[in-house]
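Worksheet for the structure shown next.
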Amino acid sequence: MKRMRFLVVLLVAFSLIFTACQAEVEEPGETDSEDEQVVLEYWSMWNVSEPQALAIQAWIEAFEAENPNIKINATWNGRENQTKLRSALAGGTKVDFMDQDADQVAGGLMAEGLGYPLNDFLQQDALDYDGTVADTFVPGVIDLHKMGDDYYLFPYVYNTWQFWTNMDVLADVGITEDPQTWEEFLGMAQQIQDAGYSVLAAEGSEFSYNFPYFAYIVERLKGPGFLLAAVEDETGEAWNDPAFLQAAEMTRELWDRGFIPADTVGYVWPAGQMTLATGDSTMEMCGSWLPTELRDTAGEDFNWGGLRFPAVEGGEGDINDLTAWLLSFMIMEDSEHPKEVFEFLKFTQTQANAQLMADEALVGVTRKDISWAEAIKDGEEAAANANVALLPNDGIQAFYPEYQETVLTPAYNAFFTLEISPEEFIQTMVEDTADYWASK
Amino acid sequence: MRVRKGLIVLFLLPASLLYFFFFLLPAIQALQYSFYEWSGFGEEKTFVGFANYAEIFQDKLFWLSFRNTMFILLVGGVVVFTVAFLMTIALNSGIKGKKLFRSLIFLPNIIATIALTTLWAYIYNPTFGLIKNIAEALGLEKLSNFIWTAPDKVFWSVLVAIIWIQVGYYLVLLMAGVDKIPKEFYEAAEIEGANQIQKFFIVTVPLIWDVLSIAIVLYSIGALKIFEFPYAFYGQSVPSQLYTIGIYLYIMGFGKRYPIYRLGYATAIGVMLLLSVVIIFVILRTLLKRDVLEY
């Protein structure tokens, strides 16, 4: 009996030692042999039933069929994905890749150094394109959230920021040409108003929808990066540049001339966009998700068009400088299978797969030569012809999110909803910017 | 006797351990984290001493959040309990359908917050809202043009909605207390010539004082940490006019839509919130302390 017990103990000890040794010799990245099963953990910003999630599930199934040794486990977390991921990482959970709005990842996981650099991967040959993986992207997109010389984000959805418009109203009023300059835009708005239509839909205190007016005007006046530089000026004095007051006054003019209806100050999202869907307004400046979001309310026969934000005469920016709101994948820095994850990402970027996302979710995509849904065709054209892809809010929300939330948002909301004048807004920005940096 | 004590300890142990590991220990750790600058993404923390607290004292948005929270506590509390008492009196006056009315008034408490915020956003909508339509139908032009959700009014409009929800809950609590009072007390008061108001203050309030105390403490704690309704009301992002301490803590610590991940600072805000709860709880205990009347 004693001998039997000794043998059992010996056997267990040997098994433990053997297992331990095996774990020891297994190096990260060496698990990619043809025979060995690799399991990739993907944490997603989508809810499982959303069209984007369905498209991604289709990608996963097709990829697993082509690569039987790779399995992808998806966790559908919804929009708080990054925040949930933070807690999970702190608890020791291993995740290989995730996705989220590019700005949010850039200011979160990527800024924390938790992204895996893609520089070498992006230089691999594309699966179905005569060039590298990097070459498959719409110009400017892949560079948008570069950190130094390194690429961490792999964008797959491209939302363009434009005036999403009821083109039937424009046809009825007799407008056939897109306004190229701010003056032409105001002229068009006046023409629409004179014909008895309400012009602009907006959301009352929805900063992310309203601030792009100001950000775009500043960009058109002074070019990309000018607004961000004012945020970075710790004295706050940069806000005294006349371009900012001019941009504020130009924004206010939209209210003064009644192009934005007075009721808008009290709109709680999605009240503003609903007026567009129901035909009570003509256009709203928003991301290209808007026509898809309003599809059920507006009807499939709604005649959508997307106008680019006009240039300002004499300004440094161009009508073809386009704000791009991207959704991106990112490989986690400590993933043991970055190579396999990139194989999957490369797979999602083929023409067939990018087209699947565009068709299923009715969104813009980052792959070149993909036909976007009819309602956002103008977005496709704007993206293809963009001189420069601009970061949302000139990069403030990616690089200075706290400043945006605690300094810019309260002041701009007060300005946009007519509580304070353009002069008071600028003065507030000068003072609060200096206070913000002094508190750091 | 010794065995009994041992048994008591044994029975208390599991709950005490859970309480210690899942509440007390994290609370103590939170106090520790409040002295650090920490994003929460990794283990790397920077000790900053009392810098987070110093920043809180100069943070305009924190004080705006604090002020809003205090308004919900004090103004909301006074209105909630006044309305709940008035309704209690009305429902106990012998009207028919008492249970039906009580259920209807309680109804908002069993509806999801997001549905309630959608309902109130529709009620207040300045273009096609319920109030707008009713006022227009009645020819009340000033009222129909009133923008309830304009930035300078939205806090009070949301407070009205919060009161509407809370009244039902506290009405049920107070009525449960009132229902226990023997009718003879009221009959005796009537014989002595007391009117409704006198009966309320001389009979009802003293006899449900224990229920009332608990209700006030519950409301106060709820008001201090209120989050869901004002947060969900705006759907996308909350304007600062609706910030409460809970919302501001969440924004600073959990990023909301933007990647602000100041877990140390958010924890310091949480400590301030805890202090507020403790201080207000002590004040309430002192003010509400009375001998319980037994009957």
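Protein chains in written order, with this note's numbering: chain P, -12 to 427; chain R, -14 to 280. We put the CB at the ideal spot given by N, CA and C, even for glycine.
DSSP, reduced to helix, strand and coil, places N340(P) within a helical segment of the structure shown. Nearest to G366(P) by alpha-carbon distance, out of V417(P), W291(P), D422(P) and E37(P), is W291(P). For T252(R), the closest alpha carbon among the candidates L(-2)(R), Y18(R) and F6(R) is that of Y18(R). Interface criterion met: the Cβ of S426(P) is under 7 Å from a Cβ in chain R. Listed in chain order, the alpha helix (DSSP H) runs fully inside the segment 196 to 254 of chain P are 213 to 219 and 229 to 243, counting runs of at least 4 residues. Residue pairing by DSSP places D112(P) opposite T119(P) in a beta bridge. Interface flag for T134(R) against chain P is set, since a Cβ pair is found closer than 7 Å. Using a Cβ-Cβ distance cut-off of 8 Å, the segment 295 to 309 of chain P and the segment 207 to 223 of chain P are in contact, since at least three pairs of beta carbons, one from each stretch, lie closer than that value.
Among the residues of the segment 240 to 258 of chain P, those with a Cβ less than 9 Å away from any Cβ of chain R are P248, A249, D250, T251, V252, G253, Y254, V255, W256, P257 and A258, in the order of the chain. Not a single CB atom of chain R sits nearer than 7 Å to the CB of S358(P).
Under the Cβ criterion of 7 Å, A106(R) is counted among the residues facing chain P. When DSSP assignments are scanned along the segment 338 to 400 of chain P, the uninterrupted stretches of beta strand (DSSP E) that are 3 or more residues long and fall wholly within it turn out to be 375 to 377. Around V196(R), the same chain offers L158, L159, A161 and G162 as residues with beta carbons nearer than 8 Å, after the five sequence neighbours per side are excluded. Within chain R, the residues whose beta carbon sits less than 9 Å from that of E406(P) are A135, P136 and D137, listed in sequence order.
Remark: C-beta atoms of I232(R) and L258(R) do not approach each other more closely than 7 Å. Contact of Q14(R) with chain P is not assigned, every C-beta pair being separated by 7 Å or more. Taking 7 Å as the threshold, the shortest C-beta distance from Y280(R) to chain P does not fall below it. Within the model, the alpha-carbon separation for W169(P) versus I247(P) is close to 16 Å. For N180(R), the nearest beta carbon of chain P is not closer than 7 Å to its own beta carbon. Counting C-beta pairs with one atom in each stretch, the segment 270 to 283 of chain P and the segment 129 to 148 of chain P have three or more that are closer than 8 Å, which means they touch. The beta-carbon of S192(P) is placed less than 7 Å from the nearest beta-carbon of chain R. The C-beta distance from F201(P) to T251(P) rounds to 16 Å, too long to meet the 8 Å contact threshold. CA-to-CA, the gap between L(-5)(R) and L395(P) works out to about 56 Å. N380(P) sits close to F198(P), with the two beta carbons spaced by under 7 Å. Under the three-state reduction of DSSP, E213(R) is assigned to helix. For chain R, the residues of the segment 161 to 195 of chain P that bring a beta carbon within less than 9 Å of one of its beta carbons are E190, G191, S192, E193, F194 and S195, in chain order. Assigned with DSSP and collapsed to three states, M32(P) falls in coil, not helix or strand.
The Cβ atoms of G34(R) and L248(R) lie no closer than 7 Å to each other.
L27(P) and E327(P) do touch by the CB rule: their CB atoms are close to 6 Å apart, below 8 Å. From the beta-carbon of E175(R), no residue of chain P is found nearer than 8 Å; the closest lies around 50 Å away.
In this structure, the beta-carbon distance from Y139(P) to V156(P) does not fall below 7 Å.
Excluding five sequence positions before and after A121(P), the CB atoms of its chain that fall closer than 7 Å to its own CB belong to L109, Q110 and I129, given in chain order. When CB distances to chain P are screened at a threshold of 8 Å, the residues of the segment 99 to 123 of chain R falling below it are A106, Y109, N110, P111 and T112, in chain order. Residue state for D195(R) is assigned as helix, using DSSP reduced to three classes. For N68(P), same chain residues with a beta-carbon under 8 Å away, outside a window of 5 residues either side, are W30, S31, M32, M85, D86 and Q87 in chain order.
Sequence-distant partners of Q336(P) (beyond 5 residues in either direction) whose C-beta falls short of 6 Å from its own C-beta, in its chain, are T123 and R354.
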